[in-house]
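The numbering of the sequence shown is our numbering, which starts it at -10 and goes up by one. Quick reminder that beta carbons are idealized off the backbone N, C-alpha and C, glycines included. It should be emphasised that the depicted structure is a prediction, and the values quoted were computed from it without experimental measurement. Structure first, then comments.
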Amino acid sequence: MAKSSSAGNKPKNQENGFLPIIEELLDKKQPYEDFNRFNGFKLDIHDDDKVKKIQGSLIGLAIGDALGASVEFRPHSYLQENKVTDMQEGGTWGLKAGQWTDDTSMALCLAASLIVKGCSDSYDQFERYKRWFKDGYMSSTGTCFDIG
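What follows is the structure in structure tokens.
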């Protein structure tokens, strides 16, 4: 994914900096392009209520993870003094506001594998984790910055 510093060149979902690539990760491109390639037909994600619920839960996961990313690994006393009320940059990994951690990346890899394979497939799942580790697949930053 190309990165741009000027607001005019940013994709529509990056204009306000909120969850910079969530739409791109959950739309027809990923993991649905894999599903289409392996099964030879087009999956209409807009007509399937189950897919919408799955997408909603993954988006909720990414939002919650992004909210907590700036305070990850902080002691309880820090959280009492610095309440999280909006997306913040920083934290252990120096993430931008709205970027999620490895927890969401790994969940998205698992979800993509389940969607493409239609069942649990350890080999496919670990191949996706390997793509994430090597190439930043399903990462909010384009790289794997933590594994855990």
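- With a 10 Å radius around the Cβ and a threshold of 16 neighbouring Cβ atoms, residue 53 comes out exposed.
- When the Cα atoms are used, residue 118 and residue 76 turn out to be separated by approximately 26 Å.
- Counting along the chain, residue 100 sits inside the alpha helix (DSSP H) bounded by residues 91 to 106.
- Distance between residue 38 and residue 44, taken at the CA atoms: about 10 Å.
- Annotation: residue 126 to residue 115 spans about 12 Å, alpha carbon to alpha carbon.
- Pairing residue 122 with residue 88, the inter-Cα distance amounts to about 17 Å.
- Annotation for residue 66: the continuous alpha helix (DSSP H) segment containing it runs 65 to 70.
- In the displayed model, residue 80 falls within coil according to three-state DSSP, outside both helix and strand.
- Nearest in C-alpha terms to residue 84, of all of 95, 46, 61, is 61.
- Distance between residue 105 and residue 40, taken at the CA atoms: about 13 Å.
- Scanning 68, 58, 65 for the CA closest to the CA of residue 129 turns up 58.
- With a beta-carbon spacing of about 4 Å, residue 135 and residue 91 fall inside the 8 Å limit used to define contacts.
- In this structure, the beta-carbon distance from residue 47 to residue 101 does not fall below 7 Å.
- Per DSSP, the unbroken alpha helix (DSSP H) holding residue 53 starts and ends at 38 to 58.
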